[in-house]
Every structure is written in C-alpha cells, then in structure tokens.
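Just so you know, the protein sequences line up as chains A and B, in that order.
Its first residue numbered 0, the first sequence is counted upward by one per residue in numbering that gives the first Met the number 0.
Its first residue numbered 0, the second sequence is counted upward by one per residue in numbering that gives the first Met the number 0.
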Amino acid sequence: MQNKLFKYIFTICIFCSTNYIIAQKFINTARVEYERKTYIKKILQESGDNDNSEWMARLPDYRTEYFDLYFSGNKSVYKTGKESDQKIPEWMSAGIISTVYTNTDSGTYFSQKQIYDQSYNIIDSLPHIDWKITDDTRTIAGYTCRRATGRVCDSLFVVAFYTEEILLSGGPETFNGLPGLILGVVIPRMHMSWYATKVDFPEIKPEQTTPPATKKGKQIKLKAMLKELKESVNDWGNWKNTLLWQAAM
Amino acid sequence: MRTKHLPILLSFLLIATFAKGQFGDKGELRGNLADSTAAKYIEHASVMLLRPADSVLLKFVRSNSLGAFRFKNLDTGNYLIIITHPTFADYTEIVKVEAGDVTKLNTYMIQKTVALKEFIFKQKKGAIVFKGDTIEYTADSFKTKEFATVEDLLKKLPGIQVDKNGVITAHGEKVDKVLVDGEEFFSDDPTVATKNLQAITVDKVQVYDKENAQSQATGISDGKKEKVLNLKLKEEYKKGMFGKVKASGGLPKWYENEAMINAFKSKRKLSGYIIHSNTNRNSLDWEEQQSFGSNSNVSYSDDGSTTFYSNGSSQEISNNNQGQPSNLSMGGHFSDKFKGDKHHLSLNLTSNSQIRRGVASSTTRQLLADSSFYNVQSDSFVSKGIKSNFDLSYTLKPDSFATLTITANMGTLMLSKVDSFASVSLNDDEVFVNQSIRSTADDRNKNSYGGGLNYQRKFRKKDRLLYIVVGLNGSAEAQTGKLLSKNILGLKKDTSAIDQKKDNNKWLSNASFTSSFTEPITKYLNLQVSYSYVNNQNSNTNNSYNSDGVSYNILDPKYSNDFKFNIITQSPGLTLKYKRKKWSLNAGANLQANNYIRTNRTIDSTVHYNFTNFQRMARYEYKFSQFNGFKLSYNGYTQQPSITQIQPLQNNLDPFNIQKGNENLKPQVTNTFRIESHSYKMINDRSAHISMGYNNTYNAFTSFDVIDEFGQRISQTINVARGNYSFWSWMYYGFKLKKSGVKLKFSSNPSVNNYINYINGIKNQTLSSSIDISPGLDYEKEDKYEVSFDFNFDYNSSRSSLNPDRKTQYWIQSHDIELTVFLPRKLELTTDFSANIRQKTSDFTTNNNMFIWNMSVERKMFKKENFKLSFIVRDILNQNTGFSRSVSSNYLTESRYNVIKRYWLVSILWNFNKTAKAPNNGEVEDAK
C-alpha cells in the first residue's frame with residue numbers, strides 16, 4: 000500500500016517537473032560510416048612473400064576501405080561506401096565484398112557475399128559472441144564507447160567499442176550482441192580494424208534496410224558456405240585462413 | 000547410523016529433482032531506475048547482466064520510458080548487474096536470482112556531474128559494512144604500502160589489532176580462525192595466510208562469530224564460539240598465480256626462509272607453502288580447543304556460500320614462544336569447483352616439525368590466612384615434535400535446494416620431551432619448607448581421525464529448512480616415559496624418591512547426530528525443533544612401574560589405573576525466530592539428558608551418574624542502517640563437571656600438588672548477557688564499537704585447597720552457589736582529522752572479576768579488576784613517511800578477603816612507535832621501538848622494564864620493484880626477555896623464560912604475480 004502510494008507520488012513529481020527536458024538523445028536511426036583498415040604488409044610478411052620486397056616498399060602499410068551502415072529501429076544494412084583513393088594493385092584488393100541486411104529483432108541476417116567470382120546468399124541467425132564487459136572507455140566519432148572483448152571464429156580475439164547512445168544492438172559486418180552500436184572493432188590476429196569515422200542522419204526509408212526479394216546466386220547457411228569455400232581454397236597456403244576468417248565475418 | 004538415514008536422504012534428493020522439474024529453477028529480475036537529484040525516470044539506460052566470475056555479458060535490456068526493466072526466465076544464481084547511461088555514473092551490483100522468485104532492484108542513479116563531486120566519497124563507499132553478524136571491510140579503502148602483507152592491512156582496519164606474534168584481535172576478542180575465500184587455509188597456523196598473502200590480493204575482510212555445527216543446526220548456543228576472519232580474494236588474482244619467495248640468513252646461525260605459491264586455473268586453486276626458520280617469527284601455533292563432536296565445522300550462510308574448516312587437531316606442539324625453536328613446516332592446499340559449481344572439493348595437507356629448547360623460571364607467592372610461602376621454580380626442556388594433518392571436504396549441491404558436505408580428517412603427532420625441574424619453597428621467615436627435583440622423559444604418539452556429514456535442505460516454502468549433522472571422531476594416544484624425582488619436606492628433611500617408568504594409553508571416540516527442522520508459522524515467525532544425540536567413549540590406562548634394579552617391571556598399584564568412561568547426551572530443543580526488516584528476535588531452549596557411566600577396570604566397578612541440564616538463549620538485534628546497529632543477547636548454559644574433577648587419576652608427578660575427586664559435584668550454570676553496538680560514518684571515516692558482557696555462574700566449580708605446613712596442597716573441586724561473576728567491556732573509537740589526515744583511535748578494555756575459593760576451609764573472595772586504555776595515532780605522508788604510535792596503559796588491582804590488608808596494584812605499560820621512511824633510490828627504512836614498563840610491587844621487586852628496538856633497511860630492485868633486499872636487526876638493545884605475570888586469588892606468579900635476543904639478518908624477497916589483470920593483447924594492432 001505504502002509502496003503504491005510512493006509510486007503514485009513519484010509519478011506526480013515527474014509530471015510536475017515540466018521544465019525538465021531529457022538532455023540525452025538516444026539515436027534510433029542514422030548512417031554510420033566505417034573505415035576498414037587491413038595491415039596488408041604484415042599479412043604479406045606473415046605469408047612469407049618476402050621476395051617481392053621491391054614493390055612491397057611502394058605498397059602502403061594499410062589497405063583502407065569504407066562501408067556505410069544505414070539503420071532504422073531494429074533493421075540495418077551494411078554495404079560498400081565511398082571509394083578509397085588508395086592505389087593498390089588489383090590482386091591485393093579485398094577478395095570479398097558483402098552487403099549485410101540485419102534484423103536484430105529476429106536475430107537474423109541476410110548477407111550477399113561476392114567471394115572472387117562466386118556469389119553467395121547467406122541467411123542465418125546472427126553469430127553469438129560471449130562479450131566480456133570492461134570499464135575502459137574511449138571516444139569514437141564523438142561518441143563515448145565502452146570496451147568489450149570476445150572471441151570470434153572459435154579462436155580470434157576481438158576487441159569492440161560500443162556506444163549505448165545509439166540504440167541499435169549491431170555493428171559493422173555481423174558483429175552484434177552489445178547493448179548499443181559497435182563503433183570500433185579490432186581483430187589483432189587478422190590485422191584488421193573497423194572504426195566509425197562519422198555518424199549522420201539522412202532519412203532512411205524502410206525499403207533501404209529490407210533485403211531484396213529477388214536473390215541471385217546460391218542460398219546457403221554460413222557453415223555450409225565456409226565448408227564449401229574451405230575445400231576450394233585448401234591449397235592457398237597462408238592466405239587461406241585470412242580469407243576464411245573474412246568470409247565468416 | 001549412516002545407512003539408517005540414507006533412505007531419508009535419498010528420498011529428499013528425489014523430491015528435490017522432482018521439485019525442480021515441476022517448478023523449474025528460473026527466476027525473474029526487475030527494477031526501476033530514477034534520477035537521484037531530480038525525481039525522474041531514466042529511459043534507455045542499458046542494463047547488463049554479467050557472469051560475476053569472468054564479466055561475460057549474458058543478457059541486456061534497455062529501461063523503458065518509466066525507467067523499468069525486466070529479465071524473465073533467468074537461471075538462478077548471482078549476477079553482476081551493470082547499469083550504464085551517458086548522463087549517469089555507472090551502477091554496479093551483485094544481485095541474486097532465486098528460483099520461482101522475483102528479485103527487485105530499484106535504483107537511483109547519480110548524474111555524472113554530481114558523481115564527480117562525490118568521487119572521494121564514492122571511492123570510500125562501504126569501507127565498512129555490517130551484514131548481519133558480519134563486519135566487512137573493503138580492503139582497497141585502507142591504503143597499504145606496496146607489497147604489504149595481509150597483516151599490515153589488518154593493522155589498519157578500525158577495531159582490529161595484531162600483536163607482535165601475529166595474534167589478531169577483532170573487537171576485543173581473539174580471532175581463532177583465518178579463512179581464505181571461506182575455506183580453511185592451512186589449519187594449524189593462521190599466520191601462514193596473514194604473513195604470506197599480499198594485501199593487494201584481498202578484496203574484502205570479513206569478521207564474524209561462528210558456532211559449532213551442532214549449535215548452528217539447533218540454533219541454541221552452547222556458549223562456545225569462534226571468532227573467524229575471512230579474506231576474500233580479488234577476482235583478478237584468481238586467474239594465474241602469485242606468491243613469494245624469501246630467503247634470509249644472519250650470523251652465527253639465524254635463518255628465516257619462506258616460500259608460498261597460489262595458482263589458479265578457472266575454479267581450481269592450488270597453494271603451497273614452506274617455512275624454515277629458527278627465529279620464532281614464523282609458524283605460530285595457536286591454542287585450539289580439543290572440541291570433540293564438532294570437528295567438521297561446516298556452515299551455510301544466507302547467501303548460499305559455504306564455509307568449512309576442521310578443528311580436530313588439538314594444539315600440542317609448544318606454542319608460547321618460549322625457548323629457542325627451529326621449525327620446518329609445509330603445507331599444500333587444493334580446491335576445485337566443477338560442473339557449474341555444484342561440486343566443490345577442498346584438500347589440505349600440512350606438516351610441521353619443531354625442535355625447541357627452553358629455560359624458564361618463576362617465583363610464586365602463595366597467600367594463606369595467616370602466613371605465606373615463597374616458591375621458586377626452574378625448568379629446562381628440549382622438545383621435538385612432528386605433527387601432520389590431512390583434511391578433506393567435499394560439497395555437493397545437487398540443486399538449488401540441497402547442500403551436502405562430507406568432511407574427513409586425519410592427524411598424527413609424535414612428540415618427545417626431556418624436562419628437568421627444580422623447586423624450593425620457603426616461608427615468610429625464610430625457613431625451608433619443601434624442595435623438589437625431578438626429571439622426566441616422555442615419548443608420545445597420537446593418531447586422530449574424524450569424519451562428518453552435513454546436510455541442509457531448503458524447500459519451496461520460504462524459510463522451511465532441514466538440517467542434519469553427523470560426526471564421528473576418535474583418537475588413540477600412547478605415551479611412555481620415565482619419572483625420576485626427589486622430594487624433601489619440612490625441617491626434618493623427610494626425603495622420598497621416585498624412580499618409575501610410566502605407560503599411558505588413551506583412547507577417545509565420539510559419535511554424534513544432530514538434526515533440526517524449521518517451519519515458518521507466519522510471514523515473520525519461524526519455529527525450529529531439534530534433536531541431538533552424542534555418544535562419547537573414553538578409555539584411559541595408566542601404569543607405573545618401579546625398578547627391580549634391572550628393569551622396570553614391578554607395577555605400582557597406587558599410581559596405576561584403568562578407567563573407561565561413556566557419556567551419552569540426548570537433547571531435544573525448540574527455538575522461535577521472529578524477523579522483521581529492521582529487527583529480529585530469537586529465543587530457544589533445549590534439555591540435555593546426560594548419562595555418565597564410569598568403569599574402573601582395575602577393580603571392576605561401574606558407577607552411573609545422570610544429569611539433566613537446561614540450556615536457553617535469547618537474542619535481539621536492531622539495525623538502524625547498514626552501518627549502524629545493536630545486539631542484545633542472553634545465554635544460559637550448563638557445564639558438566641569433567642571426569643577428572645569427579646575422579647582424578649592418581650598421579651605422583653608432583654607430590655606437593657595432589658588432586659582429589661568429588662563425587663557430589665553438580666553441573667555449573669552460567670548466565671551470560673552481552674550488548675554490542677557499532678556505528679560507522681562514511682564521510683568522516685569515523686567508527687565506533689562498544690561491547691559489554693556480564694557472566695554469572697551458579698554452582699560454579701571452584702577449588703577447595705588444603706595446604707599443610709610443608710606446603711603440600713591437596714585440592715578438590717567443589718560448587719559454590721553464588722559469587723563467581725565477571726564483567727567486561729571493550730570500546731573503540733576511531734576517526735580521521737580532516738585537515739591533516741591524522742588518524743586517531745582510542746580503545747579501552749575494563750574488566751571486573753569476582754572469584755570465590757576455599758583455603759584450609761576458609762572462604763576466600765578475590766575481587767580483581769583491570770582497565771586497559773590504548774590511544775593511538777597514525778599518520779602518513781605519501782611517498783615520504785608513515786608513522787604510528789600505539790600507547791597502552793594497563794592497570795591491575797586485586798584484593799582477597801583472606802588477606803584484606805594486602806592489596807595488589809600495579810601498572811603495566813607498553814608503548815610502540817613505528818616509523819617507515821621512504822628514501823631516494825628505492826630505499827626504505829623501517830624502525831619500531833617498543834617500551835614495556837612494569838611497575839614493581841612489594842612482591843615483585845626486580846626491574847622488569849624492557850625496551851625493544853628493531854630496524855630494517857630495504858631496497859626495491861629491478862624495474863618492476865618486485866625484488867626486495869633488506870637488512871634487519873632485531874632487538875638492537877639486547878633486552879628481550881620472556882616475562883609474564885599473573886595474579887589470581889591467592890597466588891601471585893611471575894615467570895621468565897629464555898627468548899631470542901639480538902640478531903641480524905640479510906634477506907631477499909621476491910614477490911611474483913602472473914595474474915591476468917586484463918586481457919592486454921587487445922589493441923596491439925589498433926590501426927590509429
């Protein structure tokens with residue numbers, strides 16, 4: 000009884016304090032641009048391609064690519080963004096191009112993946128990551144982000160920075176599962192990182208974040224796709240793992 | 000007995016599984032969030048549930064527009080909840096979710112701008128918290144030096160004192176046990192934990208009273224309790240390993256070497272230590288009560304955690320720091336939790352070997368009605384002992400309702416001692432009264448074992464509880480020795496000599512069963528019924544042999560005997576518990592029907608005694624807040640006369656002191672009243688504690704001594720109806736001066752004791768009182784110096800009705816100053832000076848003042864500063880002497896014994912720490 004009375008008074012107090020405007024805005028719809036960097040020199044060194052040191056010297060350390068994430072409510076699409084002005088030999092460019100439609104409500108995603116000459120349509124549930132929450136924070140694209148760590152692809156250590164100010168529980172590629180949008184991801188073993196460079200607010204129509212009805216290419220689950228891919232790249236040597244990991248993202 | 004109860008246990012287990020299937024073991028957590036400064040609901044705050052062990056995010060939600068959040072279908076257990084919001088300071092708490100229950104968490108969040116102002120305040124939040132009977136200190140709130148030990152930390156906690164030997168006193172009472180994470184950590188020696196673990200590894204220090212398993216099960220205290228100090232380690236130190244290695248040596252012969260390692264892998268823990276020393280600074284054996292029937296000491300707290308330890312090993316290796324010991328002790332500890340913490344296994348193995356040489360002397364003045372004796376004694380001994388103990392405990396939690404613990408322990412002791420003793424008594428006119436010289440050589444071998452089972456079962460109905468404790472313990476001891484003595488009596492110098500061989504065999508066993516059932520009557524009232532059965536068997540064979548010139552084979556029937564005792568105790572009991580939010584009241588009583596059977600196997604006679612006792616208790620507790628509360632308690636308990644008080648075994652070891660039995664002894668009844676109150680103020684860092692107690696014993700056991708003109712004493716235990724009482728109190732007040740940061744503390748410990756005994760048929764009433772006042776001061780200037788002053792004034796006075804004109808009054812003062820100076824080049828100088836001033840009295844006219852000065856210089860080495868090289872000199876003034884003074888009714892005794900005096904050591908210490916504080920391989924490739 001007392002408890003109820005207290006609640007009642009409490010509610011009245013809140014309605015009375017009309018001068019109060021919630022200072023904090025939570026973002027429910029936006030476009031986020033991610034910059035993906037790959038430390039290609041390191042990958043080359045690791046793969047043992049040291050004989051081409053002459054052109055290696057001309058290569059930039061990182062390959063940089065841009066992606067855009069459009070989201071509204073629980074639906075999002077992650078696709079190739081603006082072109083990078085880097086000059087990188089054709090064969091050194093990313094072999095995998097994907098467009099990812101995510102629905103965090105149902106916990107599923109649809110990904111159109113172009114892996115070299117093969118295209119896949121992956122429909123699967125979002126990968127689960129056991130995130131460890133830490134107390135560390137840093138600012139990315141003007142948002143305060145909290146650091147979390149986890150593992151993907153069974154063994155890869157991943158660091159993510161997420162902001163609770165953006166309500167979508169998503170991130171670049173298929174990273175997800177944190178109470179806010181992931182604005183930064185680092186996978187040391189893959190020599191790759193994703194960082195948001197800007198967040199803006201164009202109008203986002205529902206059809207933008209809805210997967211296309213007509214799907215060309217094979218429709219497949221992620222696991223089956225990886226299995227198939229593994230068989231075909233088995234003799235790729237050191238590049239194999241990098242490719243498979245990237246395909247799994 | 001065990002098989003008899005097995006079906007019942009099994010059926011409970013079945014019910015438990017069934018119950019689980021039917022109702023499920025899911026719980027719910029919900030709550031509301033509001034702004035602490037303006038009354039507003041907080042929307043969109045992210046509420047995360049983490050696994051406390053590794054901070055893995057399990058679930059999260061956002062609070063809705065009314066600030067509400069809800070988690071359904073949660074597995075039961077503890078969760079770490081973190082609530083974050085861009086405008087508010089993070090809120091973190093451990094919450095418990097119970098099966099079929101809704102846990103509510105209504106929280107006010109503090110705006111970051113406000114929180115920033117309160118930063119210092121926040122840091123200290125809950126430095127001391129009172130959780131029911133437990134006082135909990137947050138270790139990080141009390142700053143210690145780098146690499147400080149737990150002992151250094153304890154010294155900083157308000158209300159806790161640590162003396163030179165490492166003995167800990169908490170709120171005026173000696174701490175009996177030190178546990179680590181609720182588990183026994185090398186049972187024999189609490190200083191293993193306090194001197195070897197680093198303060199930085201400790202998260203919380205908890206202090207509480209614990210009763211034995213029987214008392215806990217029945218809710219009725221038998222008046223015995225232990226003060227327990229539990230060290231909770233920080234989670235981050237439970238990943239990886241840490242420890243220390245220390246080697247020290249000094250000429251001509253001193254050494255002090257220690258090593259300890261603690262290794263953790265997920266829930267598995269492995270610890271080991273080894274100590275090898277001859278400086279008496281390590282391996283302190285504390286007195287342990289030989290309490291049969293409660294060897295396995297398992298307790299389940301309200302939050303579901305279990306603590307256990309065994310106290311089967313009675314202390315037998317010399318403990319009083321007398322003499323010069325050399326000591327080697329080692330131990331290993333293993334514990335593991337598996338299958339989702341449902342199984343918990345813990346093992347301890349310790350071994351301690353010690354050689355001790357001692358020389359002691361004492362002067363006693365014995366007061367009679369019209370005369371007095373002086374007695375001077377001297378004693379020298381060499382003892383060698385090896386003691387080993389093993390204990391095991393296994394806890395099984397088949398579901399959230401039931402907990403089963405099985406314990407087992409084993410111990411062996413081998414002790415040999417050679418002792419030579421001489422005493423001379425003179426009367427007031429310095430005329431010879433008696434003289435005694437004896438030498439003894441003993442070899443003892445003791446084996447003990449014990450096992451126990453604790454079962455606790457909760458039910459779906461809140462507060463309904465079943466508790467079963469079963470225990471089985473025993474020991475066998477064989478002692479062989481020789482007694483050679485010569486005693487001379489009176490002016491005529493009557494001489495008698497003894498030359499005997501002694502063979503003693505003791506055998507003890509104890510079986511006990513205790514069960515209780517608690518049933519909630521109303522929402523607030525619980526009723527507990529209990530029953531316990533204890534069977535003690537005790538057999539004692541003592542044989543004395545005289546020599547026929549060749550060997551000792553003539554039995555001396557006067558000093559040989561063969562007894563067997565059997566005591567069966569049955570006690571039904573009833574307790575009522577009434578609990579409200581702020582206060583609680585418990586009251587209970589039980590009946591104890593005792594059946595004693597004593598068989599004298601030498602003459603084949605059997606005697607029966609029957610006693611019925613009544614024990615009762617009441618306790619009232621009131622909590623103003625988490626930091627403030629008081630407790631009132633009453634205990635009335637009965638103590639049986641011991642077997643030796645009824646019928647002592649005839650012994651000719653000391654012919655001037657003879658014990659006589661009393662078959663008409665009645666049990667004594669003690670009534671104890673206690674008041675305890677504490678308060679802690681966070682902002683001012685002020686803490687206060689007061690406890691007071693009053694004991695009154697009805698039919699108290701007291702001595703009836705007849706002393707003849709030759710100083711021979713025949714004593715018997717009798718009952719006195721009234722007049723034995725005592726009062727004691729302990730007060731503490733500590734606070735910090737805001738401007739200077741000086742910490743001041745003050746404690747006082749007054750006591751009054753009235754004791755009645757009989758001397759040569761005359762009633763003698765002794766009223767003794769003492770008051771102890773200890774002010775103290777701590778100050779530290781960061782990275783410059785730390786200083787502490789501890790003063791102690793102890794006033795004692797005693798007067799007995801036998802000699803009303805004599806009044807014994809004296810002061811004992813001890814003052815300590817400790818100073819640490821941090822010098823450049825990573826050098827550190829520590830020095831402590833203690834002055835012990837004992838007033839002379841008319842009986843004790845020698846100078847007893849003693850000034851002890853110790854100093855050490857340390858240098859931290861290497862980049863991580865985890866190596867320490869030190870040079871230590873102890874007792875620079877070479878004044879250390881062993882000394883004790885006791886004043887009791889008609890005796891005044893002062894004893895002196897040899898101790899280690901001045902020596903120096905060079906010591907190197909390595910503290911290692913390979914714990915995963917945080918995953919640090921995260922941002923090596925941070926592309927920016």
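Glycine residues also receive a C-beta, built at the ideal position from the N, C-alpha and C atoms.
Taking the Cα positions, B/Asn634 is about 14 Å away from B/Gln215.
Among the residues of chain A, those whose CB is under 7 Å from the CB of B/Asp53 are Lys131, following chain order. A/Val76 and A/Phe109 have their C-alpha atoms roughly 9 Å apart.
Below 8 Å, enough C-beta pairs join the segment 740–760 of chain B and the segment 775–786 of chain B to call them touching: three or more.
Excluding residues up to 5 positions away in sequence, Asn694 and Asn752 lie with their Cβ nearer than 6 Å to the Cβ of B/Ser725 in the same chain. Residue contact check for B/Ser746 against chain A: no CB pair falls below 7 Å. For B/Met730, the enclosing beta strand (DSSP E) has its first and last residue at Asn723 to Lys735.
The beta-bridge partner set that DSSP reports for B/Arg873 consists of B/Tyr902.
The three-state reading of DSSP puts B/Leu414 in strand, counting E and B together. Boundaries cannot be given for B/Asp547, as no alpha helix (DSSP H) includes it and DSSP labels it neither H nor E. The beta carbons of B/Phe380 and B/Gly410 sit no closer together than 7 Å. Judged by DSSP in its simplified three-state form, B/Met860 adopts strand. Interface annotation, B/Pro774: not in contact with chain A, CB-CB separation never under 7 Å.
If you look at A/Met224, you'll find it in the alpha helix (DSSP H) that goes Leu221 to Ser231. Contiguous beta strand (DSSP E) elements confined to the segment 153–192 of chain B occur at 159–161, 167–169 and 176–179, taking only those with 3 or more residues. Assigned with DSSP and collapsed to three states, A/Ile203 falls in coil, not helix or strand. Ranking A/His127, A/Pro211, A/Tyr33 and A/Ala247 by CA distance to the CA of A/Ile139 puts A/Tyr33 first. Taking 8 Å as the upper bound for CB-CB distance, B/Ala834 and B/Phe821 are not in contact here, some 25 Å apart.
By the rule that beta-carbons nearer than 7 Å mark a contact, B/Leu56 touches chain A. 7 Å or more divides the Cβ of B/Val201 from the Cβ of B/Leu228.
A contact between stretches requires three or more CB pairs, one per stretch, nearer than 8 Å, and the segment 49–56 of chain B fails this requirement with the segment 66–74 of chain B.
Between B/Lys659 and B/Ile717, the CB-CB gap reaches or exceeds 7 Å. In terms of Cβ geometry, B/Ala588 and B/Gln569 do not form a close pair [threshold 7 Å]. Interface criterion not met: the Cβ of A/Glu172 is under 7 Å from no Cβ in chain B. By a beta-carbon distance limit of 8 Å, A/Thr148 does not contact A/Phe160. Their separation comes to about 10 Å. At a C-beta separation below 8 Å, A/Gly179 has these neighbours in chain B: Ser45. When DSSP states are grouped into helix, strand and coil, B/Lys238 belongs to the coil group. Under the 7 Å criterion on CB atoms, B/Leu48 is classed as non-interfacial with respect to chain A. With the criterion set as a beta carbon lying under 9 Å from some beta carbon of chain A, the segment 579–597 of chain B has no members that meet it. Considering only beta carbons, no part of the segment 134–154 of chain B lies closer than 7 Å to chain A. Contacts with chain B at 7 Å (Cβ-Cβ) do not include A/Phe160. In the structure shown, A/Leu125 adopts coil according to DSSP, grouped into three states. Each residue's CA atom was taken as its position, placing B/Phe870 and B/Met854 some 8 Å apart. The DSSP-derived three-state label of B/Lys341 is coil.
Rounded to the nearest whole angstrom, the CA to CA distance from A/Ile114 to A/Leu68 is 20 Å.
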